[in-house]
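Heads up, the thing below is written out as structure tokens.
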Amino acid sequence: MNALVRTFWFAVFTLDEYLRSGRIVVELAAAAVAYYLFFRRWTTPMTPEYFFSTVSLFTLGLTIYTGSSILALGDRPAGYVALARRLGRGPYLLGLYLAVLAVSWGVYGAICLLVAFTNPIRGLDVTGWALGTIPLLLNLALLAAFLTLLTPIVLPAPWRLAVLALVALAFSGSLIGGAALSSLPESVATALDVMRTILSTPLLPAFTGFAISVSRDYSGASAVVPVAQLFLVIGLLAFAVYSFAKREIVFSG
Amino acid sequence: MNIIELDEVHKSYDGVAVLRGVTLRVPPGIVYGVLGPHGAGKTTLIHLMLGFLRPDRGVIRIFGSSNLQQVDGRVGYVPERLRYHTRYTVREYLWYLGRFSGLSGATLRRRVNAEMSATGLDSVADRPMSALSRGMLQRVGIAQALLSEPELLLIDEPTATLDPEGQREIIELLAAVRKRGCTILMATHFLDEADLLCDRIGILHGGRIVAEAETCTLQRPARSIVITVADLPQAAETALTALSPAVHCNRREIVLNPNTPELQAQVVRLLLDHAITIITLAPQRHPIEEFYLEAVRGHPQREESSETPPHGPSGAGDALLHELLRREEQRTLEDQPSRRL
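And the structure:
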């Protein structure tokens, strides 16, 4: 329980510092621009599908910026003073993660409120909004967890490169496919297919989560997708906390 | 039980050895000074004790436990570099750090106020830390370390980045902290600081503690002293040099090397008999300085790779040692004319 309280306070501390640094202006400006370009009232009302697909892509992109900014706050010599206390490494890392999530989810919430008041989406009630929002927020949590894992204080450089290489391999279908794939020797092409299938499996909850967010269709096996997203978030965070606990702490600067 | 126990602790960065078998015992209630030049490995040693780094070999026990994460709340840490979260006011910062230490409510407020008062931060309590001087920031560093009333305080170069006035203030503050009775391990490269604050010192050189001493035992008669006079007539000079081959003089200075209390008394008597004004009488070298040089000379530093580790100590930046040796050479050169006289 104490660890949870300390995690909460470190998240508040980080968020407070982020707000005071003024960097939140970037998120607010980006949200304002996105609202003006994509979500304000034009000639025809928005459809739920348009709203969720657009806001998903925007908030995912913004989370990359927010994540890198906030996680960098944890990689400074000032962190030694916090870590030398009873805080603990797990709460330190999770506090940073929660601060990223708070900003990311907050921006999504702000856009939703603006849209609700100025340009309500035809045919989308609160239940429909919640059904689309849950997988979307979990996808943001997933991306933030992935960014946390890739922070220099968590994984050493070779490991980070290895993880990125595996992700690139999982996504290599658009680059090495069709004619390019058929020109490879059959054994290589088969091996590549197998690798892609294995490596892209952990990414399935993210993609299906995006699809469910847009369609809000939870029929059949889709209902377990948010659960899979949640478990993937927990898995990534557990790996990040484990790695951070095992590493020597040498902050940048 | 010792508060700190290090047995044969080794640590290297990218193949460059920084610590090569540090063995150290710090009993409860004392101030232990780890004395060594920049790059000797002092910060590495403290970061190992805090569990930020892990030794390549050897054992570290704090409060008898080798699981350093278990003792987090019982240890206070004052970092060398004044890198804090400076977007907060002093009060806010201490409040948050108190929260991380598990304090809350009235206890937290009381502790924050008490430590701000004790460290002289009351007047800047609501000022942003980014607007504070280095001296004030170091006071914040000390206040935050004391916030959870630690049993052990690890202080890394407390005055390294301060001007002389700031150094004096922080030394006075640490002298007050010393009275609280907690065990303190302080890394420093300032001999005077170690002399004023420490009960016991260990010389970190070549990656090892090469010598240890109680500072009280170093308060012995200086091995050599310098007497500065207004003017030394030829007759007095002749009489002085006739006293002992250890007496070297010129018109302004008389050096007794090696010094003995008897010789010192003879020389002073002779000067008074000749009605010569004595301006100063001072040890040629500080006892700790002598101890340091003896320790370092007895354990010449090993050849080091020229490569500098990416973070922290290099083991090669022996600036203090070089400075001391340079000063000694200079004194020797200054003494030579008098020897020839």
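If you're matching them up, the sequences are chains A and B in order.
Here the first sequence stands for residues 1 to 253, numbered as in our numbering.
Here the second sequence stands for residues 1001 to 1341, numbered as in our numbering.
Beta carbons are placed, not taken as given, at the ideal position from N, Cα and C, and that holds for glycine.
Query                                                                                                                                                                                              : Result
To test your reading of the DSSP string, which unbroken alpha helix (DSSP H) runs of 4 or more residues are found completely within the stretch 104 to 169 of chain A?                             : 126 to 149
Let me know the alpha helix (DSSP H) ranges lying completely inside the stretch 31 to 79 of chain A, each 4 residues or longer, listed in chain order.                                             : 48 to 73
Roughly how many angstroms lie between the CA atoms of PRO1027 of chain B and THR59 of chain A, to the nearest whole one?                                                                          : 56 Å
Let me check understanding here. Comparing Cα to Cα, which of B:LEU1024, B:ASP1192, B:ARG1020 and B:LEU1035 lies closest to VAL1296 of chain B?                                                    : B:LEU1035
For HIS1311 of chain B, which residues from the same chain have a beta carbon less than 8 Å from its beta carbon, with the 5 sequence-adjacent residues on both sides left out?                    : Reliability fails at HIS1311 of chain B, whose pLDDT of 39 lies under 50, so the model's placement of it is uncertain and no value is given.
Going along chain A, which residues have a C-beta under 8 Å from SER1012 of chain B?                                                                                                               : Neighbours of SER1012 of chain B on chain A: none; closest Cβ ~12 Å, over 8 Å.
Alpha carbon to alpha carbon, how far is PHE244 of chain A from LEU87 of chain A?                                                                                                                  : 14 Å
Give me the subset of the stretch 1038 to 1061 of chain B whose CB atoms are less than 9 Å from a CB atom of chain A, sorted by chain position.                                                    : HIS1047, LEU1050, GLY1051, PHE1052, LEU1053 and ARG1054
Excluding the 5 residues preceding and the 5 following SER1244 of chain B in the sequence, name in chain order all residues of the same chain whose CB lies nearer than 7 Å to its CB.             : LEU1263
Name the chain A residues whose beta carbon is nearer than 8 Å to that of GLN1138 of chain B?                                                                                                      : The premise fails here: GLN1138 of chain B is roughly 13 Å from chain A at the closest Cβ pair, so nothing lies under 8 Å.
DSSP puts TYR97 of chain A in a beta bridge; with which residues?                                                                                                                                  : Answer by DSSP bridge pairing: none, since TYR97 of chain A is not bridged.
How far does the alpha helix (DSSP H) with PRO1164 of chain B in it reach, from first residue to last?                                                                                             : 1164 to 1178
Find the residues of chain B that neighbour PHE58 of chain A, judging by a C-beta separation of less than 9 Å, and give them in chain order.                                                       : Chain B residues near PHE58 of chain A: none, gap ~28 Å exceeds 9 Å.
Residue range of the beta strand (DSSP E) that ARG1061 of chain B falls in?                                                                                                                        : 1057 to 1062
I'd like to know if ARG6 of chain A contacts chain B, where contact means its C-beta is closer than 7 Å to some C-beta of that chain.                                                              : yes
In chain order, what residues of the same chain have a beta carbon less than 6 Å from the beta carbon of ILE1209 of chain B, not counting five sequence neighbours either side?                    : VAL1022, LEU1024 and GLY1202
Can you grab the Cα-Cα spacing for the pair GLY235 of chain A / ARG1020 of chain B, in whole Å?                                                                                                    : 39 Å
Report, in whole angstroms, the separation of the C-beta atoms of THR7 of chain A and LEU138 of chain A, which I expect to be a contact under 8 Å.                                                 : About 19 Å separates the two Cβ atoms, so there is no contact after all.
Per DSSP, what are the beta-bridge partners of GLU1253 of chain B in this structure?                                                                                                               : B:THR1228
Just checking: is the beta-carbon of PHE1063 of chain B within a distance shorter than 7 Å of some beta-carbon in chain A?                                                                         : no
Could you round the C-beta distance between LEU1146 of chain B and GLY1076 of chain B to whole angstroms and report it? I think they count as a contact, below 8 Å.                                : 6 Å
Return the residue from the list A:ALA31, A:THR133, A:ALA11 and A:PHE117 that minimises the CA-CA distance to LEU71 of chain A.                                                                    : A:ALA11
Give every residue of the same chain whose Cβ lies closer than 8 Å to the Cβ of VAL115 of chain A, excluding the five residues on either side of it in the sequence, and list them in chain order. : TYR35, PHE39, MET46, PHE51 and ILE121
Would you check if the distance between the CB atom of HIS1085 of chain B and the CB atom of ASP1056 of chain B is smaller than 7 Å?                                                               : no
Quick one: grab the DSSP three-state call for PRO1283 of chain B.                                                                                                                                  : strand
Can you tell me which residues form a DSSP beta bridge with ASP1007 of chain B?                                                                                                                    : B:VAL1059
Alpha carbon to alpha carbon, how far is MET195 of chain A from LEU143 of chain A?                                                                                                                 : 22 Å
Cβ of THR1119 of chain B within 7 Å of Cβ of ARG1139 of chain B?                                                                                                                                   : yes
Please report the straight-line C-alpha distance between ALA191 of chain A and SER183 of chain A, rounded to a whole angstrom.                                                                     : 14 Å
What would DSSP say about GLY1029 of chain B, mapped onto helix, strand or coil?                                                                                                                   : coil
Within the same chain, show all residues whose beta-carbon is closer than 7 Å to that of ARG1223 of chain B, passing over the 5 residues directly before and after it, in chain order.             : PRO1258, ASN1259 and GLU1290
Is there a Cβ from chain B that is less than 7 Å from the Cβ of GLU27 of chain A?                                                                                                                  : no
Taking 7 Å as the CB-CB cut-off, is TRP129 of chain A touching chain B?                                                                                                                            : no
For a quick check, are the C-beta atoms of GLU1151 of chain B and ARG1074 of chain B less than 7 Å apart?                                                                                          : yes
Could you pull out every unbroken alpha helix (DSSP H) segment of at least 4 residues lying fully inside the stretch 1030 to 1113 of chain B, listed in chain order?                               : 1042 to 1049 and 1090 to 1100
By the three-class DSSP mapping on this structure, what secondary structure does MET1129 of chain B have?                                                                                          : helix
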